[in-house]
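Residue numbers (this note's numbering): 155 to 345. The C-beta atom is built at its ideal place from N, Cα and C for all residues, glycine as well. If you're wondering where the values come from, they're calculated on a predicted model, not measured in any experiment. A short write-up of the structure that comes next.
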């Protein structure tokens, strides 16, 4: 699906942690450089996986106001969740990124292990637009149709091998074996 990028000046930018093994495989297959884009979901207080927004690597925050209102979140809950996501992004930036990336004028292939709601990808796309990436390409193995359709309008291109639909979808549902990667595993993949 991504052969047209082989040998180009595109940069594969993986969202940790799940996007790292996917990004590494894509970068190796296409002969492209690999870098990391720490983004973290702003999580509901009652879950460790489902979110209503995200904090991007440039410190910006994207929030889904409709989801927030629909769940009756208090300002204190939202502030706490943003602070937790921001701390995770800052920790990962310090751990994973040696130097700021020069993204202006460059084609960036944004990679994750999949897209359920799309908040992390949405925040990453907005951050890349602010950094003046020439072209933003989404490349994921699996995604929910609704989220992929919305994100495809924000990116310049979107590639997804396994598109799912239905009321409920978690990225892990598309994998025979799925688990969270530790920060140490991400560092090892970067090496």
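Inter-residue spacing [alpha-carbon to alpha-carbon] between residue i and residue j
i, j, result
"residue 236", "residue 282", "20 Å"
"residue 238", "residue 208", "11 Å"
"residue 268", "residue 319", "13 Å"
"residue 342", "residue 221", "36 Å"
"residue 245", "residue 338", "13 Å"
"residue 233", "residue 227", "10 Å"
"residue 327", "residue 317", "12 Å"
"residue 298", "residue 331", "18 Å"
Burial state of residue i, where buried means 16 or more other Cβ atoms lie within 10 Å
i, result
"residue 194", "buried"
"residue 225", "exposed"
"residue 157", "exposed"
"residue 202", "exposed"
"residue 213", "exposed"
"residue 296", "buried"
"residue 274", "buried"
"residue 333", "exposed"
"residue 187", "exposed"
"residue 223", "exposed"
"residue 164", "buried"
"residue 278", "buried"
Chain-order list of residues whose beta-carbon lies under 7 Å from that of residue i (same chain, five-residue window excluded)
i, result
"residue 162", "261"
"residue 185", "160, 161"
"residue 211", "191, 192, 193, 243, 247, 281"
"residue 312", "292, 302, 305, 306"
"residue 217", "196, 206, 207"
"residue 155", "313, 315"
"residue 344", "190, 250"
"residue 272", "301, 304, 305"
According to DSSP, residues forming a beta bridge with residue i
i, result
"residue 205", "197"
"residue 314", "294"
"residue 261", "289"
"residue 166", "188, 263"
"residue 216", "208"
"residue 269", "297"
Nearest candidate by alpha-carbon position, reference residue i, set the options
i, options, result
"residue 230", "338, 264, 198, 285", "198"
"residue 322", "164, 245, 175, 270", "270"
"residue 264", "245, 286, 294", "294"
"residue 285", "256, 329, 308", "256"
"residue 308", "329, 276, 326", "276"
"residue 315", "249, 180, 250, 344", "180"
"residue 310", "290, 183, 327, 317", "290"
"residue 240", "300, 250, 183, 215", "215"
heavy atom of the ligand MG below 7 Å from residue i C-beta
i, result
"residue 250", "Only the bare structure without any ligand can be found here, which leaves the ligand MG out of the picture."
Residues near residue i by beta carbon distance below 6 Å, same chain, minus five either side
i, result
"residue 168", "174, 177, 190, 265"
"residue 259", "288"
"residue 335", "171"
"residue 340", "170, 171, 174"
Own chain, CB closer than 8 Å to residue i, minus 5 neighbours either side, in chain order
i, result
"residue 324", "203, 270"
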